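Using the numbering used here, the first residue of the sequence shown is number 350, and each one after it goes up by one. Remarks on the structure that follows.
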Amino acid sequence: MEQLNRITQQPEVMGGKACIRGMRVTVGMLVGQIGAGHSIDEVLADYPCLEREDILQALRYAAWRAEEREVMLTIA
Numbered sequence: 350m351e352q353l354n355r356i357t358q359q360p361e362v363m364g365g366k367a368c369i370r371g372m373r374v375t376v377g378m379l380v381g382q383i384g385a386g387h388s389i390d391e392v393l394a395d396y397p398c399l400e401r402e403d404i405l406q407a408l409r410y411a412a413w414r415a416e417e418r419e420v421m422l423t424i425a
């Protein structure tokens, strides 16, 4: 996975959810906004503390997490 240096997870910030640069803006919130049909420019206008790369990394992070697979191990 490529470097996602804008995605942070800290137990004391939003309960440890993946956030943008330690702020109280979660990856889930950003992905939800894009999924609801808002453009990146609209999200940036609503959240002036964000940068375009923040949103792009949030989308890449969400895609990476969606591709994770859980492998069941059988103990004989």
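We treat Cβ as the ideally placed atom computed from N, Cα and C, and that holds for glycine. The structure presented is a predicted model; accordingly, all values stated were derived computationally and were not measured.
Residue burial classification, residue 352 (beta-carbon count within 10 angstroms, cutoff 16): exposed
Smallest Cα separation from residue 401: which of 360, 384, 389, 416? 389
Below 8 Å CB to CB, which residues in the same chain sit around residue 408 once its five sequence neighbours on both sides are set aside?
-> 379, 380, 383
- Task: With a cut-off of 8 Å on the beta carbons, I'd call residue 374 and residue 399 a contact; round off their distance for me.
- Result: 7 Å
**Where residue 369 falls: helix, strand or coil (DSSP)** = strand
Going by DSSP, which residues form a beta bridge with residue 357? 368
#### Entry: Inter-residue Cα distance where the pair is residue 371 and residue 356
8 Å
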